[in-house]
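K.L.:
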Amino acid sequence: MSVLDMIIQQSINGLMLGIMYSLVAVGFTLYFGVLNVINFSHGDFFMLGGFMALILYGIADTLGWTQNVPLLIIYLFLGSMILTALIAIITARICVKPVSKAPMLISLLVTLGLGIAIREAVRVFYPRGSDPKGFPTLLPQGSLSIGNIVIRYENVIIFVLGVLVIVVVNYLITKTKMGMAIRAVAQDGEAAMMMGVDLDRTIDITFLIGAAVAAVAGIMNGFYYGQIMFNMGAMMGVIGFSASVIGGLGNVYGAIVGGILFGLLETFAAATLPMGAENKRVFAFFIVILFLVFKPTGILGEKVYERV
Amino acid sequence: MANNQHEKEAFRGTGGLLLTLGIELVLYALIMAIFLDHGGTTLIIDVILAAAAIVYFKRNHALADKISATLAANRKAAWIGVIVLLLAVPFVLQASAYWLFIVITAGLFMMACLGLNIQLGSTGMMNLAGAAFQAFGAYTAGLLALNYGLPTWLTLLAGALVTGLFSILLFIPVLKTKGHYLALVTIAFQFMVVILVENMEWTGGPQGLKNIPLMNFFGYSFNEPLNLGFITLHKYANYYYFTLLLLFALGIAAHRIYHSWVGVTAATIRDDEVAAQTNGVQVNKWKLTLFVLGNCFIGLSGAFYSHMVGFISPPNFAFDKSLVMVSIVILGGMDNVLGIILGAFLLIILPEKLRFIQDYRFMIYGIVLIVMLIFQPRGLLPFVPRSYAELIQRYRHKLLQGKKAQGGQEA
Amino acid sequence: MNNNKILYTQDLSIHFGGLVAVDRVNIEVQRNTILGLIGPNGSGKTTIFNMLTGLYIPTGGNFFFEGESLLGKPPYEIARKGIARTFQSSRLCLDLSVLDNVFIGMHPRQKHWLTSAVFRRSALAEEVYQAYEKAMHLLNIFNPELVKRSSEPAGRLPQIDRRRVEICRAMAMSPKLLLLDEPSAGMTPEEITELMNDIRKVQQESEDITIIIVEHVMSVIRTITDHVVVLNFGRKIAEGTFHEISHNPEVREAYLGKRG
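Chains as they are written, first to last, in my numbering: chain A, 1 to 308; chain B, 1001 to 1411; chain C, 2001 to 2260.
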């Protein structure tokens, strides 16, 4: 396998992984824009997305609805997105919004606490919740080979789906009225309220979009790895937050770029560094720290002059 | 500046003394009963009593003030009482070594959180990598003892100092980032450390280090039951008394640092860095100093742990543990040494007692954290303005000797 | 003559991105005088203070304090040279006691740090006692009430007292140059009168102190300043005594806008 092949192969793998990270990062950026809060429980919305799909699949399975696979997949995605978003909106109202004006430490810990509560609830209430759960294989298996490069069909579908979701989110935020409201609040909350934007509704919608998109990522993750686990949200939360920061916190495109970059960093580290597979995240996090220190505004962020 | 006001309101004389010791004894009995009771009934009764007491004293400020004044007036006796009662813990828990072990664990959390409080509570530097720094201390001590057979006192010291040294890795981020970003840096660092420890050979990988020598000071092994002649205490009593000693030393040090220029400087940096700078504070120097100092405390607790349990592995130092440490500091009360003690008690010992609700306890832990922070964001024992009365009072004679000419000055 | 200039700037300039906030400003301040710095909002007054205290690094020009260039020096070093300031929106630590807030002003002079704090309490106690007396003395000058409330959190004080504590904090440094950034902001006319007395007290208290004051309230400028510099859009447009600048047509235009 030539170096070029390796680069192409790893780029494809990285893009695939990255698009998943992007979907999680988008939520972080949206919440930060609207509420000025880093929602550390967002990774657990991602995890919930996977589990909701699993539950819905279980229901479909007992009812014998598993013949029509495309329809089943649509049902899993939509159902899981709605349920996850509902939980996100409720939890945001109860615990995220009340602390959005509090010192950053408090909001940080409250959302971390919320993450623990969600994670543990899944572990306790899902049957044998502590064990990894197998995820149904619904996407077509097999792969396509071009020269030395191997592309799995499953991955292509996941990638296309990810891009599709991003296009939809982009449309929602730039072209619709509620998207305008979200951007207005992100720019200047008080001014937006004076212009007649309903803040509470905007927050609900923000969490709806953020959590639904994370749920998509959660299901994609299930398909990709073939199994999910109650505690996978913690790491994904940190990755998603990292990705949104690399890209430029508050900027939706930044989150996408950041997510893909993080995915690429991981795959290339795994392929090229000694013991890379084990330590790929060490490398990726190291780059994140470099960004935080030397370019905290991220790739697409603007320079902000600190007012004294 | 003197406490005249308090002295007037306090119960005086023997009555006050008896009241002070009585309160301590009752509290002690209530807490010890939690451990001795196999079920959770005592705990529930205690919680109800505590809630009732809070409601009662909120309505009767006068009585609460009078009691606290009495405690302040009988300071010395109160401290002696506390020390005697704490020394008695292994006797009371003679039959339940498990609880003694839990108490020691809580003590180690207190130790670490005293350090974390210097960083987070006093100076406002977020550190969500507490467990990772504890790992530096634990692995340093473990490896030094296993590979070089160094004595315990030296490995403990090395554990603390090496952890302080490893703080250098985060020097630049600590100075250049704040708030959410510093939180993310430390979280990333936490994950990096655990992954690395897991993947390196000389740290024992996922299996960790086994058979780390237990504590031994100049031939006295902590692994033997503590024989006092008239009674033989469980071997954990050794560790308990040593923890107590260290906690007293570190607690007093932390308390003294708080009541000094260092405390004032740290608090100013936390509240307003710009104001600190324009008043001549070398913000960077102090941030680094206090960051390292805090990590030394944390490292010491890690080193202690590895010599007490004899076995360490990466999961001992996972992110959750960092989270617990930060929760202790915030829940107990930021920048408040007593708050740390209370926080560690509530977050380490109580959940252990809540084993009767087994599986649900971490979920409840998360919910309690949320509820507490929404309704009592300043912690159970909030920050109180520094008072220099104690310091000046104690050295009054000395000061007056030097200043006899201006004797009229008082407040 | 040169000896009498405690501070002067040479074409002091700063720009943020494309925005020129201060443009080649030259100011001279004579020792033991009060200089008024006035101008409409956004004319660069506070920005100049931020440069003089090292919070912003000028992008052009230079400034000299006691004949020495302090360009590029960090804020703490400038503070230690003897330049103290207050802030427009008071920057006290509201959770800390009044006393602690004043103590931080003495930070550069304090000698007893970590080791003394833990091991040599008596040495620290002596220093604390001296600091305590000095702080009480300062607080007493401005408002005897502050002495009584010295152990309360600063956040519980009314606005005017907070400003006084901030001035005390600055004075605790025993500065040679004091920069007051709009001390009258948010005060009633009576309070402003009190404030002017306070500033006079500052002058009486110290033998060698020079003050630069940024102010919108003209009565303050008229009563207490010896010399006034007027800024507009980051440029110096006039200077002189209050009487001179108040009759300057360009100054009137800057404040009232062009007529007709």
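Even for Gly, the Cβ is constructed at its ideal location relative to N, Cα and C.
Would a C-beta distance cut-off of 7 Å place G179(A) and F32(A) closer than the cut-off?
P.N.:
Their beta carbons are not under 7 Å apart, which means G179(A) does not touch F32(A) by this criterion.
K.L.:
By the three-class DSSP mapping on this structure, what secondary structure does Y1220(B) have?
P.N.:
Here Y1220(B) sits in strand by DSSP.
K.L.:
Could you check what DSSP says for M1001(B) in three-state terms: helix, strand or coil?
P.N.:
Here M1001(B) scores only 40 on pLDDT, less than 50, and its place in the model is too uncertain to base an answer on.
K.L.:
Using the Cα positions of I2237(C) and V2251(C), report the straight-line distance between them to the nearest angstrom.
P.N.:
The straight-line gap from Cα to Cα measures roughly 7 Å.
K.L.:
Just checking: is the beta-carbon of E266(A) within a distance shorter than 7 Å of some beta-carbon in chain B?
P.N.:
Not closer than 7 Å to any Cβ of chain B, the Cβ of E266(A) fails to qualify, so no.
K.L.:
In this structure, does DSSP put F32(A) in helix, strand or coil?
P.N.:
Note: F32(A) maps to helix in three-state DSSP.
K.L.:
Write down every uninterrupted run of the alpha helix (DSSP H) in the region 158 to 245 of chain A whose length is 4 residues or greater and which is fully enclosed by it, in chain order.
P.N.:
List check, alpha helix (DSSP H) in window: 177 to 187, 189 to 194 and 199 to 225.
K.L.:
Would you kindly report the start and end of the unbroken alpha helix (DSSP H) that includes S2219(C)?
P.N.:
Element bounds for S2219(C): M2218 to I2224.
K.L.:
In the DSSP assignment, find the unbroken beta strand (DSSP E) run with Y1395(B) in it and report its ends.
P.N.:
Y1395(B) -> no beta strand (DSSP E), and no H or E assigned at all.
K.L.:
Note down the Cα distance separating F2087(C) from A2170(C), rounded to an integer number of angstroms.
P.N.:
So the alpha carbons of these two residues sit roughly 10 Å apart.
K.L.:
Rounded to whole angstroms, what's the CA-CA distance from E2127(C) to T1289(B)? Just pull it up for me.
P.N.:
Those two C-alpha atoms are separated by around 22 Å.
K.L.:
Over what stretch of residues does the alpha helix (DSSP H) that includes S1301(B) continue unbroken?
P.N.:
From DSSP, the alpha helix (DSSP H) with S1301(B) extends over V1283 to V1309.
K.L.:
With DSSP run on the structure shown, which of helix, strand or coil describes P2153(C)?
P.N.:
DSSP places P2153(C) in strand when its eight states are reduced to three.
K.L.:
Quick check: I2104(C) and V1264(B), are their CB atoms within less than 7 Å of each other?
P.N.:
Yes; because the gap between Cβ atoms is below 7 Å, this pair is in contact.
K.L.:
From S2174(C) to T2053(C), what does the alpha carbon distance come to, in whole angstroms?
P.N.:
Their backbone Cα atoms lie some 16 Å apart in a straight line.
K.L.:
By DSSP, does Q1376(B) sit in helix, in strand, or in coil?
P.N.:
In this structure, Q1376(B) counts as coil in the three-state DSSP scheme.
K.L.:
Between K1287(B) and chain C, is the shortest Cβ-Cβ distance under 7 Å, so that the two count as touching?
P.N.:
By this cut-off, K1287(B) is not an interface position.
K.L.:
Per DSSP, which one or two residues make a beta bridge with H2015(C)?
P.N.:
BP columns for H2015(C) point to V2020(C).
K.L.:
In terms of alpha-carbon separation, which member of G298(A), I299(A), I289(A) and I12(A) lies closest to I146(A)?
P.N.:
The candidate whose alpha carbon is nearest that of I146(A) is I12(A).
K.L.:
At what residue ranges does the region 2070 to 2154 of chain C contain a whole run of the alpha helix (DSSP H), taking only runs of 4 or more?
P.N.:
Here the runs fully enclosed are 2075 to 2081, 2098 to 2105, 2114 to 2119, 2121 to 2142 and 2144 to 2148.
K.L.:
When the Cα atoms are used, what is the spatial distance from L23(A) to I157(A)?
P.N.:
Roughly 15 Å separates the two Cα atoms.
K.L.:
Report the rounded CA-to-CA distance for V1281(B) versus I2160(C), giving the unit in angstroms.
P.N.:
About 25 Å.
K.L.:
Hey, out of D1037(B), L1391(B), R1394(B) and F1383(B), whose CA is closest to P2153(C)'s CA?
P.N.:
Residue F1383(B) is the option with its Cα nearest to P2153(C).
K.L.:
At what residues does the beta strand (DSSP E) containing Q2159(C) begin and finish?
P.N.:
Premise fails: Q2159(C) lies in the alpha helix (DSSP H), Q2159 to A2172, not in any beta strand (DSSP E).
K.L.:
Excluding the five sequence neighbours on either side, which residues of its own chain have a C-beta within less than 6 Å of the C-beta of G1945(C), listed in chain order?
P.N.:
What is shown of chain C runs 2001 to 2260, which leaves residue 1945(C) out entirely.
K.L.:
Select from the region 1313 to 1329 of chain B all residues with a C-beta closer than 9 Å to any C-beta belonging to chain C, and list them in chain order.
P.N.:
Residues passing the 9 Å Cβ filter: none.
K.L.:
When burial is assigned at 16 or more other CB atoms within 10 Å of the CB, is V245(A) buried or exposed?
P.N.:
Buried, since its Cβ has 16 or more Cβ neighbours within 10 Å.
K.L.:
By alpha-carbon positions, which one of A1077(B), M1325(B), K1287(B) and S1096(B) ends up nearest to G1302(B)?
P.N.:
Closest option to G1302(B), Cα to Cα, is M1325(B).
K.L.:
Using CA coordinates, which residue listed in I151(A), T202(A), R281(A) and I118(A) is at the minimum distance from M52(A)?
P.N.:
Minimum Cα distance to M52(A) is reached at I118(A).
K.L.:
Would M1215(B) and T1152(B) be called neighbours here (beta carbons separated by less than 7 Å)?
P.N.:
Cβ atoms of M1215(B) and T1152(B): closer than 7 Å.
K.L.:
Verify the CB distance criterion: does E1410(B) have a CB-CB separation below 7 Å to chain C?
P.N.:
In this prediction, E1410(B) has a pLDDT of 42, which is less than 50 and means its spatial position is unreliable; what the coordinates show is noted afterwards. Cβ-Cβ to chain C under 7 Å: no for E1410(B).
K.L.:
Could you check the C-alpha separation between T1041(B) and I90(A) for me, to the nearest Å?
P.N.:
In a straight line, the C-alpha of T1041(B) is about 34 Å away from that of I90(A).
K.L.:
Can you tell me where the beta strand (DSSP E) with F2063(C) in it begins and where it stops?
P.N.:
Per DSSP, F2063(C) belongs to the beta strand (DSSP E) from G2060 to F2065.
K.L.:
Less than 7 Å separating the beta-carbons of A1254(B) and L1157(B)?
P.N.:
No.
K.L.:
Taking a Cβ distance cut-off of 7 Å, strictly less, list which residues of the region 2199 to 2227 of chain C are near chain B, in chain order.
P.N.:
Under the 7 Å Cβ criterion, the region 2199 to 2227 of chain C contributes no residue.
K.L.:
Since G2240(C) is in the alpha helix (DSSP H), which residue starts that stretch and which ends it?
P.N.:
Careful: G2240(C) lies outside any alpha helix (DSSP H), inside the beta strand (DSSP E) at R2235 to G2240.
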